[in-house]
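Data first, discussion second: the structure below is written as structure tokens.
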Amino acid sequence: MTTIGQMPKPEAGRFREDRKLLLVPLLIPFSGLPEDGQRILDKYWSEVRDQIENMERRLGRIKHIYHEAIDVSNDGGLNALDDMNPAISGFVRTLCRSGATMEATEDRALLEESTDWQRCLTIGLMSEKVLKLASDGYQESTKLRYEHISRRIDTTLGENEIGVLLIGQDHHVQFPTDVQVFYVSPPSFDEYRRWVDEQMRTGAPPSGSEPDV
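Residue numbers (the working numbering): 1324 to 1536.
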């Protein structure tokens, strides 16, 4: 996988026949996030926008936007993104006005099932039998979620088109073999992870992190 920040300018036509996907680690600022954490996240999304704009200048226009936990396309997806991730929604709307499509990335039933199993696991189950049932259910539904996301990318991203996928860094989506993936890695991503580690070390867990989906 190519990291954008380390990638030299490609030769003309090098990726002409490839489908390309910019992979953005998803960080969402929740309410109650301390000011210093919010400042880092704001910088992160600003750097993400800069890197995507730079890649557009090199490779061409973004044609498809995929976002974890979004299960409707077009205006419905954009409205959901306004609520879920306002830090990037304005930029995504700008991309859509320039010709990109907001895609339904998830299957609603699988997303809801995975989320419900995850909630069961977080409440602290006493029965080993129930714990195994919840764990197996979560793993299976999450596996099916990621398979669905892969199919959505495969069926909507056309030849020589460029898409952007915003998803948690611990995802297990297997991308189609003919899709070249570029990892968007702004410096502030590592800065935020160090900030989270420091909060945990000092016993003050941060109020914002990756979304639980």
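Every residue, glycine too, gets a C-beta built ideally from N, C-alpha and C. Here the structure is a predicted model, which means the values were calculated and not measured.
Simplified DSSP state of residue i, which is helix, strand or coil
{"i": "Met1449", "result": "coil"}
{"i": "Thr1500", "result": "coil"}
{"i": "Arg1342", "result": "strand"}
{"i": "Ile1363", "result": "helix"}
{"i": "Val1347", "result": "strand"}
{"i": "His1495", "result": "coil"}
{"i": "Thr1525", "result": "coil"}
{"i": "Ile1375", "result": "helix"}
{"i": "Gly1481", "result": "coil"}
{"i": "Ile1490", "result": "strand"}
{"i": "Thr1438", "result": "helix"}
{"i": "Thr1417", "result": "helix"}
{"i": "Thr1465", "result": "helix"}
Neighbourhood of residue i by C-beta distance below 6 Å, restricted to the same chain and skipping five residues each side
{"i": "Val1496", "result": "Tyr1469, Ile1472, Ser1473"}
Contacts around residue i, its chain only, beta-carbon distance under 8 Å, and the 5 residues preceding and following it disregarded
{"i": "Gly1481", "result": "Arg1342, Lys1386"}
{"i": "Leu1401", "result": "Ser1412, Val1415, Arg1416, Cys1419, Met1425"}
Contact set for residue i: own chain, Cβ-Cβ below 7 Å, skip 5 residues either direction
{"i": "Met1523", "result": "none"}
Residue span of the alpha helix (DSSP H) that contains residue i, given as start and end
{"i": "Leu1401", "result": "1397–1407"}
{"i": "Val1507", "result": "Element bounds for Val1507: n/a, residue is neither H nor E."}
Beta strand (DSSP E) segment containing residue i, residue limits
{"i": "Ile1385", "result": "Looking at the DSSP string, Ile1385 is not in any beta strand (DSSP E), and its letter there is neither H nor E."}
Proximity below 8 Å, CB of residue i to CB of residue j
{"i": "Ser1270", "j": "Glu1436", "result": "Residue 1270 lies beyond the stretch modelled for the chain, which goes from 1324 to 1536, so this question has no answer here."}
{"i": "Glu1391", "j": "Gly1486", "result": "no"}
{"i": "Leu1344", "j": "Val1507", "result": "no"}
{"i": "Phe1505", "j": "Met1378", "result": "yes"}
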